[in-house]
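Novice: Per full-length UniProt numbering, the very first residue in the sequence shown carries number 1; after that it's consecutive. Just so it is clear, CB atoms sit at the ideal spot from N, CA and C, and this is done for glycine as well.
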Amino acid sequence: MDHIKDGWFTELCTLWPGQAMSLQVEEVLYHKKSKFQDVMVFKSKTYGNVLVLDGVIQCTERDEFAYQEMIANLPLCSHPCPKKVLVIGGGDGGVLREVVKNPLVESVVLCEIDEDVINVSKKFLPGMAKGFFSPKLTLHVGDGFEFMKQNQDAFDVIITDSSDPVGPAESLFKESYYQLMKAALRNGGILCSQGECQWLHLELIKEMQTFCKTLFPVVDYLLILHLPFAIYMIMNLKYYNPEIHKASFVLPEFARKVLSEA
């Protein structure tokens, strides 16, 4: 409980020195070390239930839909026919929930290394974990690297919903991981990965863009001119829409200048 003091949870991380994020705690609902990481769920005063891994907030019930809808629908609505989808990570179920909404998706594999995260999310984040009950899902509990080595040229869309690049998740931000994803994609496939924050990690983003450009023909923020509007209308989303899709490809000038050099 080192992160909770006087009724407040405070997130501190070397990735964002000199700043902290705090939420008032009403009740700690779960706290245990899994085989891989420290897992905590607490009920906050203003953001609902909060999932924390190794002291870092992963999601809150109040605002999780914005992230989940964007990381899922940007690639899905950019692909003409995303029949087969792979999600690496995402044990809370939020990305999966959004993927299975898409009527063009026929099957989705979710590959999560830590089964405790899945079980905790089903119990304490039921609104996010709905996708685990979809008939489209094949759940694989294990290492995403090994799974992709055994499943090449298999997926139309790959989504990496990882934690930040420290500890076990650090390898998901390396070139070797993107090489595996490239091999697992079908021709014309699209991948989308959690890519950190332009205000804090611009050099990391630039580094990732640089090696991605050696692997993929298109690595940039692009204006998508044609969107499947009918699909968007029937998915009952809270955040994502065609205008948000287009706007997400527009960078602020300081970030555009740095990443244009990648």
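For residue 228 and residue 215, I'd like the C-alpha separation in whole angstroms.
Specialist: Because residue 228 sits at a pLDDT of 41, beneath the cut-off of 50, its placement in the model cannot be relied upon, and the point is left open.
Novice: Along the chain, where does the beta strand (DSSP E) containing residue 29 start, and where does it finish?
Specialist: Counting along the chain, the beta strand (DSSP E) containing residue 29 begins and ends at 21-33.
Novice: Tell me, please, which residues DSSP counts as bridged to residue 106.
Specialist: None, per the DSSP bridge assignment.
Novice: So, under 8 Å CB-CB, residue 37 and residue 114 are touching, yes? Tell me the CB distance rounded to an integer number of Å.
Specialist: Yes, they are in contact, since the Cβ atoms of residue 37 and residue 114 sit about 7 Å apart, within 8 Å.
Novice: Quick one: using the 10 Å Cβ neighbour count with 16 as the cut-off for buried, is residue 90 buried or exposed?
Specialist: Counting Cβ neighbours within 10 Å, residue 90 comes out buried, since at least 16 surround it.
Novice: Could you check what DSSP says for residue 125 in three-state terms: helix, strand or coil?
Specialist: In this structure, residue 125 counts as coil in the three-state DSSP scheme.
Novice: State the CB to CB distance for the pair residue 288 and residue 180, rounded to an integer number of angstroms; the pair is presumed to be in contact (CB under 8 Å).
Specialist: With the chain covering only 1 through 262, there is no way to say anything about residue 288.
Novice: Straight-line CA distance for residue 66 to residue 184?
Specialist: The straight-line gap from Cα to Cα measures roughly 27 Å.
Novice: Are there 16 or more other CB atoms within 10 angstroms of the CB of residue 31, so buried, or fewer, so exposed?
Specialist: That one is exposed.
Novice: Alpha carbon to alpha carbon, how far is residue 255 from residue 203? Give it in angstroms, no decimals.
Specialist: When rounded, the distance between both Cα atoms is 10 Å.
Novice: What is the rounded straight-line gap between the Cα of residue 136 and the Cα of residue 40?
Specialist: Rounded to the nearest angstrom, the two C-alpha atoms are 29 Å apart.
Novice: Can you pull the DSSP bridge partners for residue 77?
Specialist: In DSSP, residue 77 forms no bridge with anything.
Novice: In this structure, what does DSSP give as the bridge partners for residue 155?
Specialist: Its beta-bridge partners are 185.
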